[in-house]
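So that you can map any letter, position 76 of the sequence shown is 66 in this note's numbering, and since no number is skipped, the others follow by simple counting.
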Amino acid sequence: MKTCKIRLSSIQDVRDFVEIVTRYDMEIDLSSGRYVVDAKSIMGIFSLDLMNTITLTAHSDNTEKLFEELKRFMVD
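Printed below as a string of structure tokens:
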């Protein structure tokens, strides 16, 4: 399992993000505060507070390629 902080600043960012994560056969969650949603669900993502950073959790040991593709959404 690996986590990082991301920011989805626009509708296009959400579309691009979902397009990337749906290619991976692993469970990926997004959490904001006490809410946790499936990262592959556009409706779930829009239920989060997108004004703040979101925590991404990938439930796999092999996440290098995923995190490389998501690099443009990551924040420190």
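Note that the Cβ used here is the ideal one computed from N, Cα and C, for glycine as well.
DSSP, reduced to helix, strand and coil, places Asp3 within a helical segment of the structure shown.
Of the residues Gln2, Leu(-2) and Arg13, the one whose Cα lies closest to the Cα of Leu20 is Leu(-2).
With 16 or more other Cβ atoms inside 10 Å of its own Cβ, Phe63 counts as buried. For the pair Asp39 and Asp3, the Cα-to-Cα distance works out to about 14 Å. Judged by DSSP secondary structure, Leu56 falls within the alpha helix (DSSP H) whose first and last residues are Glu54 to Glu59. Relative to Tyr25, the option among Ser37, Ser0, Asp15 and Asp51 whose CA is nearest is Ser37.
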